[in-house]
Amino acid sequence: MGGSNAVDPQGGPKRRTRRNVNQNLGCVYCWATDAETGQPCTSRSAEGSNLPYCERHRREGDGAIQVLDHPENHAVGKIVVANIDLPKGYKFVYWGKRCRWRGCKGEDRAMSFRPNGGVIDPTGCEGQQVQFMACPGPSERSNIKCTDVCFGKTYDTSLVGREIETSEPVKKNHQLLQWYGSKEWFESRGIPRTNVGTEAHPAPQRKKKLKSATEGGRKRKAKGQLKPEVGTSGQEHVKPEEDVMLQLTPKGLLVASDLLEVGGRPLEYSIHRLDRERRFAVSQAFPDLGSAEEVLAVPTFQCALGVDLNPEAGSPETLVQEEMNRLHMNIVMLESEVYSQLTARGFFCDSVDPLTGCSMHSRSGSRYSEVYSAHKLLGYQILEANGIRMIPLVVHPQFGTSGYPVTIFSTAPPDILHEVLQAATTQAAPSVGSGSNLRTDELR
Ligand SMILES: [Zn+2]
């Protein structure tokens with residue numbers, strides 16, 4: 007394993023294998039493993055192709071893995087299984103035809119390509135096995151991650167690809183799993199998400215990093231997750247540590263939206279009354295807001311597509327940035343519509359711009375923490391990402407760490423606020439949810 011050289015019969019550069027992974031180094035030679043020998047393919051990559059595969063392996067796929075039908079659950083469809091023990095860092099290419107995201111036929115399997123380069127659609131590419139990787143179920147985790155390496159130019163017309171690799175060793179017969187969206191995103195497409203591991207083809211199990219509170223949070227169903235507060239006085243005097251662990255009941259909840267869509271991204275919002283502590287934090291953040299009036303908070307969450315916003319999750323930084331810009335643009339458009347409607351009716355409305363940390367419209371005061379706010383109002387867990395940037399993240403029950411939170415504040419009464427939000431989100435994009443599920447109990 008590693009470092010072995012072989013003479014190329016055609017002359018030219020010698021074939022070398024990677025240092026720690028038994029796979030050809032560079033792109034001149036095919037990246038596949040020969041199924042018969044279990045060794046790296048000795049052929050060169052197909053001439054004129056962007057992809058580091060020989061003709062045969064592009065057609066037949068990499069012998070290191072195989073595509074099978076899920077043996078028990080037909081709803082899962084196909085799965086991808088290792089034929090040999092794969093080390094961490096074994097590379098594959100997620101390849102296909104380049105196309106625009108909109109109108110992409112295979113959008114459920116499309117993967118983002120270069121910035122502005124559209125997406126990679128593997129539909130109809132038989133030898134592209136990794137498109138059939140299942141998504142980890144609720145108690146499973148992914149063992150594949152994308153890297154920043156792309157094959158082909160931004161507007162390439164031939165087959166293009168993006169490098170993916172095993173993020174941990176994968177044993178023979180075990181499944182390769184890739185997390186490619188939020189749970190709710192799958193549900194809205196009618197694609198079930200269940201655990202996909204079997205005895206013959208195990209899946210890696212989720213590590214219990216976050217304690218019971220998050221598990222409880224994740225278990226809660228999308229539609230029923232936000233229930234208006236009912237007598238939570240018993241939770242008022244918990245110790246600070248327990249406060250983080252146990253506080254799952256949304257506070258002061260008046261309205262919880264159905265799952266909506268804004269600018270192609272899933273969106274959820276809820277309307278809350280504020281307790282004294284939150285009300286004080288809001289008046290500090292927006293000095294132009296009088297302290298007497300009642301203010302309602304509308305935490306909104308969009309779900310990032312294709313990337314995880316947790317810096318430790320390993321999503322390529324450029325793609326994370328690109329997706330953050332998109333999410334920012336979406337919320338700014340929605341917020342400005344809500345702002346103009348509410349201020350036209352004489353109400354205060356403002357939010358904190360997630361890019362600058364300053365108020366979007368009125369004077370800026372002290373910093374308002376969206377993460378802490380989501381924890382206080384919705385009971386969502388805070389994940390202290392211990393990476394270089396030390397950014398605390400909200401763990402949304404469906405969106406995980408791909409949730410993008412921005413809270414809108416207004417002095418408008420709940421019914422008007424709700425009406426304006428509904429109109430603004432409907433205008434932005436039609437709902438992807440199935441019918442209204444808003445809990446307006448307190449508004450009647
Ligand atoms: Zn080959």
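All residue numbers for the sequence shown refer to our numbering, where the first residue is 7 and numbers rise by one. Glycine residues also receive a C-beta, built at the ideal position from the N, C-alpha and C atoms.
Counting contacts by CB-CB distance shorter than 8 Å, is residue i in contact with chain B?
{"i": "Tyr410", "result": "The chain labelled as chain B is not found in the depicted structure, where only one protein chain is given."}
Of the choices the options, whose alpha-carbon is the least far from that of residue i?
{"i": "Gln137", "options": "Ser51, Gly167, His402", "result": "Gly167"}
{"i": "Arg24", "options": "Val155, Pro46, Ala140", "result": "Pro46"}
{"i": "Cys156", "options": "Phe119, Arg332, Asp91", "result": "Phe119"}
{"i": "Gly1", "options": "Asn122, Ser379, Asp154, Ile388", "result": "Because residue 1 is not part of the residues shown, which for the chain are 7 to 450, the question remains open."}
{"i": "Gly143", "options": "Gln404, Val426, Ala418, Leu423", "result": "Gln404"}
{"i": "His334", "options": "Asn30, Ala81, Val313, Gln308", "result": "Gln308"}
{"i": "Trp37", "options": "Gly44, Tyr59, Leu280, Ser55", "result": "Tyr59"}
{"i": "Pro121", "options": "Arg369, Leu325, Arg284", "result": "Leu325"}
{"i": "Ile90", "options": "Met339, Pro175, Arg284, Lys84", "result": "Pro175"}
{"i": "His367", "options": "Arg284, Asp356, Pro360", "result": "Asp356"}
{"i": "Leu384", "options": "Arg369, His402, Ser372", "result": "His402"}
{"i": "Lys213", "options": "Ser145, Arg282, Leu57, Thr163", "result": "Ser145"}
{"i": "Glu78", "options": "Val202, Ile337, Phe98", "result": "Val202"}
{"i": "Asp98", "options": "Leu389, Tyr386, Asp162, Ser173", "result": "Note that residue 98 is Phe in the sequence shown here, rather than Asp. Considering only alpha carbons, the answer is Ser173."}
{"i": "Met339", "options": "His80, Gly270, Arg65", "result": "Gly270"}
{"i": "Val377", "options": "Ala52, Arg284, Gly44", "result": "Arg284"}
{"i": "Ile337", "options": "Ala291, Tyr410, Lys382", "result": "Tyr410"}
{"i": "Ile170", "options": "Asp162, Ser164, Thr163, Gln135", "result": "Gln135"}
{"i": "Ser321", "options": "Cys141, Ile85, Trp185", "result": "Trp185"}
{"i": "Glu323", "options": "Asp68, Thr153, Gly130", "result": "Thr153"}
Assuming residue i is part of the alpha helix (DSSP H), what are its boundary residues?
{"i": "Thr324", "result": "323–350"}
{"i": "Ser289", "result": "282–291"}
{"i": "His278", "result": "It is not in any alpha helix (DSSP H) - His278 instead sits in the beta strand (DSSP E) that spans 271–279."}
{"i": "Glu53", "result": "Note, Glu53: premise wrong, no alpha helix (DSSP H); not H, not E."}
{"i": "Tyr378", "result": "376–384"}
For the beta strand (DSSP E) containing residue i, name the first residue and the last one.
{"i": "Val451", "result": "This structure leaves residue 451 out entirely; the chain is present only between 7 and 450."}
{"i": "Glu61", "result": "Taken as a continuous stretch (DSSP letters only), Glu61 belongs to no beta strand (DSSP E), being part of the alpha helix (DSSP H) at 61–66."}
{"i": "Phe405", "result": "Taken as a continuous stretch (DSSP letters only), Phe405 belongs to no beta strand (DSSP E), as it is neither H nor E."}
{"i": "Ser357", "result": "355–357"}
{"i": "Leu302", "result": "302–309"}
{"i": "Tyr100", "result": "97–105"}
{"i": "Glu267", "result": "266–268"}
{"i": "Val202", "result": "Segment: none, Val202 is in no beta strand (DSSP E) and carries neither H nor E."}
{"i": "Gly167", "result": "166–172"}
{"i": "Gln184", "result": "Premise fails: Gln184 is in no beta strand (DSSP E) and is neither H nor E."}
{"i": "Lys151", "result": "150–157"}
{"i": "Gln72", "result": "71–75"}
{"i": "Asp127", "result": "125–127"}
{"i": "Ala262", "result": "259–262"}
For residue i, collect the residues of the same chain with a Cβ closer than 6 Å to its Cβ; drop the 5 residues on either side in sequence, then sort them by chain order.
{"i": "Tyr35", "result": "Arg21, Arg50"}
{"i": "Ser297", "result": "Ser289"}
{"i": "Glu329", "result": "Ala310, Val313"}
Can you list, in chain order, the residues of its chain with a C-beta nearer than 7 Å to that of residue i? Leave out the 5 residues immediately preceding and following it.
{"i": "Ile277", "result": "Leu260, Val261, Leu302, Val304, Pro420, Leu423, His424"}
{"i": "Leu427", "result": "Tyr275, Val304, Val344"}
{"i": "Pro19", "result": "Val34"}
{"i": "Cys105", "result": "Gly124, Val125, Asp127"}
{"i": "Ser372", "result": "Gln290, Ala291"}
Between which residues of its own chain and residue i is the CB-CB distance below 8 Å, once the five residues before and five after are set aside?
{"i": "Glu295", "result": "Residue identity differs from the one stated: residue 295 is Leu in this sequence, not Glu. Correct list, in chain order: Val288, Ser289, Val301, Phe354, Asp356, Ser368, Phe415, Thr417."}
- Query: Can we say the segment 147–157 touches the segment 174–186, given the rule of at least three CB pairs closer than 8 Å?
  - Reply: In this structure the segment 147–157 lies against the segment 174–186, because at least three pairs of beta carbons, one per stretch, are closer than 8 Å.
- Query: Pairing CB atoms from the segment 296–313 with CB atoms from the segment 406–417, are three or more of them under 8 Å?
  - Reply: The segment 296–313 vs the segment 406–417: in contact.
- Query: Can you list, in chain order, every residue whose CB sits closer than 5 Å to a heavy atom of ligand 1?
  - Reply: Listed by chain position, these are Cys36, Ala38, Cys47, Ser49, Cys60, His63.
- Touching by the beta-carbon criterion (3+ pairs, under 8 Å), the segment 64–79 and the segment 203–215: In short, these stretches touch, since the Cβ pair count reaches three.
- Are there three or more Cβ pairs, one per stretch, closer than 8 Å when the segment 119–128 is compared with the segment 26–33? No, the segment 119–128 is not in contact with the segment 26–33.
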